[in-house]
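Working notes, structure below.
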Amino acid sequence: MYKLKSPDIHASEIAGFLNHDLKGEDFIIRIPSSIKNFQDNSFFYLLDTDKFPIERLKNYKNILVLTSKNLDRSVENFSYIKTNSPKLDLIRIINEFFIEYEVTQIASTAKIHKDAKIGRNVSIGGNTVIGPEVTIGTNTKILNNVVITSRVEIGKDCIIKDNSTIGSEGYDFELDEKGNPIHFPHIGKIIIGNNVWIGANSSIESAKIDNTIINDYVKIDDLVQIGYDCEIGSSCMITAGVIVSRNVKIGEKTLIAPNASIRDNIEIGKNVTVGMGAVVVKNIEDNAVYVGNPAYLLKTK
Amino acid sequence: MAGEKQQREFIEKISPFLREKIEEIKIKKGENSEDYQALYLQYAISGKEKEQSTEKNVRHWEADVDIESHIHGIERLYSKSVVIEPTMVCAAHCRYCLRANYDIFTLKEDELINIAKFCGSDNTKRQVNEVLITGGDPLIVPKRLNYLVEVLIEYAPNIKIIRIATRLPHHDPSRIDNNVFEIFKKHKDKVDFELATQINHPAELFPETIEIFDKFRKMGVPIYSQNILLKGINDNIKTLVCLYNKIREIGIEPHYLFHCVPMRGMHHFRTTVEKGLRLARELTNSGKISGRIKPMYALMTDIGKITLYEGTILEKNKERNEIFVQSAYKYEDRLKNNTNWKLPKTAEIDENGYLRTWYLDGED
Ligand code: SF4
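Just so you know, the sequences run in chain order A and B. By the working numbering, the letter at position 100 of the first sequence is numbered 100, and the numbering carries on one by one without gaps. By the working numbering, the letter at position 26 of the second sequence is numbered 26, and the numbering carries on one by one without gaps.
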């Protein structure tokens with residue numbers, strides 16, 4: 001998706017970009033570093049909970065610190081920018097100055113149906129297959145080997161990572177008179193909002209008759225299964241290995257930790273945290289933390 | 001947001017790329033060579049900036065548009081275009097910069113949306129079809145710039161031409177990568193882009209710089225250069241002829257040749273207006289440069305740009321070293337374009353409603 005670059009940037013440029021003052025000397029920075037491993041001419045963020053590693057810093061030149069604290073500058077080989085959101089600002093700096101994005105393009109090996117509606121500046125990776133009833137919004141990036149079939153609307157500025165499958169038929173069988181499972185044809189839609197992230201090897205099933213809805217800013221990790229007819233509220237984060245069965249409704253800003261399983265027809269509220277490996281078998285109210293198997297209320301937020 | 005910043009100190013800031021180039025020329029051609037001086041004087045801080053002089057202004061003109069109280073980054077002086085400054089940060093500091101005394105800020109996404117909405121608002125859209133995105137250097141924040149272009153396309157479809165002003169091809173060409181080129185490629189079906197630059201001396205045309213201009217031209221982006229007449233750098237006919245011939249060779253269009261603006265700290269760069277007129281006459285009427293590369297000699301006055309023609313200078317006041325210049329801007333139009341605009345103290349309205357202003361001259 002991008003490559004790291006290492007430009008010569010004055011620390012004062014970073015301060016000007018963040019609309020904050022630079023405390024200390026102006027110097028050139030070239031690369032991000034972490035609090036564990038410094039490099040000369042680099043920058044890192046210091047959280048409130050981190051101890052300022054002033055002793056280690058003495059061995060390096062020209063380090064820029066993003067921090068919400070006032071730092072003692074008796075050692076003068078570093079400068080700092082005071083900000084309320086050091087980590088967020090580090091992300092912004094990397095995105096703006098240290099990453100070169102791949103050029104927007106549609107790979108020659110992608111198979112896009114002629115009736116699919118592809119918006120402006122959409123990137124589509126190698127071997128990706130896009131069906132006839134698919135609409136993709138401006139600036140969305142679809143990586144390699146992705147399969148998008150059935151009736152799917154994807155908003156703008158989304159990222160769909162490698163090997164994911166959107167719109168495969170829902171797993172829905174009805175037993176006939178002889179007890180043999182008969183598939184219910186899924187004729188509903190999948191509606192994906194703007195700024196959604198869908199991780200590698202994840203699958204979102206098409207809806208039975210209504211819609212499977214993934215709202216704006218939902219971030220789905222790798223290896224996640226979202227069953228048919230689900231609705232995932234905006235800004236939810238669903239991490240690796242989570243299984244969401246059919247017809248589950250999750251409120252906005254909820255976090256589901258790795259490997260949790262959600263039973264079908266469940267409603268989970270807003271701003272909920274579901275712990276690692278939890279098995280959710282009953283509805284969850286807003287602002288709660290649930291853990292365990294079967295999941296129980298650990299605390300309210 | 002930007003409002004929390006204090007007025008900046010215009011520190012010496014020379015990008016490592018420029019430092020290397022200046023050093024190279026010093027070794028090759030010596031400290032007294034014209035090329036070395038041309039680069040050194042443009043970027044090295046000089047004690048002369050702090051000397052007492054008649055140039056007192058810290059802003060070149062006031063044309064801020066009040067979208068929300070105190071929002072920075074948008075100006076409107078003329079009828080067809082709006083000026084947007086998404087960032088005031090640059091990769092190097094040109095010592096004669098118009099915006100040397102301006103606050104440093106970078107606009108956030110929601111501020112850019114407000115600006116785009118203003119550009120597409122009922123009042124503005126009737127007249128404005130073009131924006132100049134300047135700063136600062138907008139190419140150093142390509143993601144933010146791309147966002148601005150996108151929201152302009154979304155909220156102000158009346159904007160058909162986007163001009164982007166930059167010195168980054170001179171300051172650090174390696175920072176102009178796909179992130180920048182993609183902006184111009186991605187949106188060219190929606191708007192026409194033009195790249196504005198500034199080249200004051202032929203020594204600034206490094207091979208890496210020319211390569212960048214070449215890439216833009218191959219993408220179909222027209223490039224024009226508005227240059228500044230700077231004492232000790234290009235205020236002689238030989239240099240100007242060489243500069244414009246080179247600019248022509250690399251396919252850049254001419255725009256203004258500005259007399260250096262009367263602002264604090266710039267006295268030592270300012271020739272007389274008269275000297276500039278002599279040079280402009282010789283440059284454009286002697287057959288020494290192609291007719292396709294002739295610049296317009298202009299002043300940045302308190303009421304906006306005034307191109308010098310026969311009769312533009314109405315009067316000289318030797319005591320105050322000022323000239324009185326006539327514009328064809330109408331006061332009533334100015335107010336229509338920007339209701340916040342105030343007649344500067346140096347200006348007046350003539351009997352036909354046109355603006356005239358006093359302009360501080362330089363010295364030879
Ligand atoms: S690049 Fe432009 S805005 Fe920046 S210092 Fe130079 S003249 Fe001023």
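Glycine is no exception: its CB is placed at the ideal position from the N, C-alpha and C atoms. Remember, it's a predicted structure, so these values are computed and weren't measured experimentally.
- According to the DSSP assignment, Glu174(A) belongs to the beta strand (DSSP E) that extends over 173-175.
- Secondary structure note for Gly167(A): its beta strand (DSSP E) is the uninterrupted segment 165-168.
- Between Tyr2(A) and Pro142(B), the alpha-carbon positions lie close to 14 Å from each other.
- Gln198(B) and Glu204(B) have their alpha carbons spaced roughly 10 Å apart.
- Each of Met237(A), Glu267(A), Val146(A) was checked against the Cα of Asn259(A), and the nearest Cα belongs to Met237(A).
- One finds nothing in chain B with a Cβ atom closer than 9 Å to the Cβ of Val196(A); even the nearest lies about 18 Å away.
- Rounded to the nearest whole angstrom, the CA to CA distance from Thr106(B) to Glu102(A) is 25 Å.
- Not a single C-beta of chain B is nearer than 8 Å to the C-beta of Tyr228(A).
- Counting along the chain, Ser203(A) sits inside the beta strand (DSSP E) bounded by residues 203-205.
- Put simply, of Asn127(A), Gly131(A), Ile159(A) the residue whose alpha carbon is nearest the alpha carbon of Lys114(A) is Gly131(A).
- Rounded to whole angstroms, the separation of the alpha carbons of Phe52(A) and Leu223(A) is 37 Å.
- In this structure, the C-beta of Asp137(B) approaches the ligand SF4 to less than 7 Å from one of its heavy atoms.
- Thr301(B) carries a strand assignment under DSSP once its states are collapsed to helix, strand and coil.
- Residues of the segment 13-33 of chain B whose Cβ lies closer than 8 Å to any Cβ of chain A, in chain order: Lys13, Ser15, Pro16, Phe17.
- Not one beta carbon of chain B lies nearer than 8 Å to the beta carbon of Pro32(A).
- For Leu255(A), same chain residues with a beta-carbon under 6 Å away, outside a window of 5 residues either side, are Met237, Thr273 in chain order.
- Here Lys58(A) is exposed. Its C-beta has fewer than 16 other C-beta atoms within 10 Å.
- Cβ neighbours of Tyr244(B) within its own chain (closer than 6 Å, five residues either side excluded): Ile289, Ile293.
- Proximity of His186(A) to chain B, defined by a Cβ-Cβ separation below 8 Å, is not satisfied.
- Two segments are said to touch when three or more pairs of C-beta atoms, one from each, lie closer than 8 Å; by this definition the segment 254-262 of chain B does not touch the segment 32-50 of chain B.
- A residue is called buried once 16 or more other Cβ atoms fall within 10 Å of its Cβ, and Arg99(B) is buried on that count.
- Listed in chain order, the positions of the segment 16-30 of chain A with a beta carbon within less than 9 Å of a beta carbon of chain B are Gly16, Phe17, Leu18, Asn19, His20, Asp21, Asp26, Ile28.
- Residue range 34-43 is occupied by the alpha helix (DSSP H) that includes Tyr36(B).
- According to DSSP, Asn145(A) shares a beta bridge with no other residue.
- Take the alpha-carbon of Ile247(B) and the one of Ser203(A): they are about 56 Å apart.
- The ligand SF4 never approaches His259(B) closely enough for any of its heavy atoms to be under 7 Å from the residue's Cβ.
- Each residue's CA atom was taken as its position, placing Asp264(A) and Gly227(A) some 8 Å apart.
- When Cβ-Cβ separations below 8 Å define contact, Ile84(B) makes no contact with chain A.
- Going by beta carbons, Asp364(B) and Arg356(B) fall outside the 8 Å limit.
- Following the DSSP letters along the chain, one finds Ser12(A) inside the alpha helix (DSSP H) bounded by residues 11-18.
- Leu229(B) is the residue among Glu12(B), Leu229(B), Tyr331(B), Glu315(B) whose C-alpha sits nearest the C-alpha of Ala298(B).
- Beyond the five residues adjoining it in sequence on each side, Lys249(A) comes within less than 6 Å, by CB distance, of Glu231, Glu267 in the same chain, given in chain order.
- For Asn178(B), the C-beta contacts it makes with chain A under 8 Å involve Glu100, Tyr101, Glu102, Val103, in order along the chain.
- Think of a sphere of 7 Å around the beta carbon of Lys87(A): no beta carbon from chain B falls inside it, the nearest being about 17 Å out.
- Here His183(A) is exposed, its C-beta having fewer than 16 other C-beta atoms within 10 Å.
- If you check each beta-carbon in the segment 181-201 of chain B against every beta-carbon of chain A, the ones closer than 9 Å belong to Phe181, Glu182, Lys185, Lys186, His187, Asp189, Lys190.
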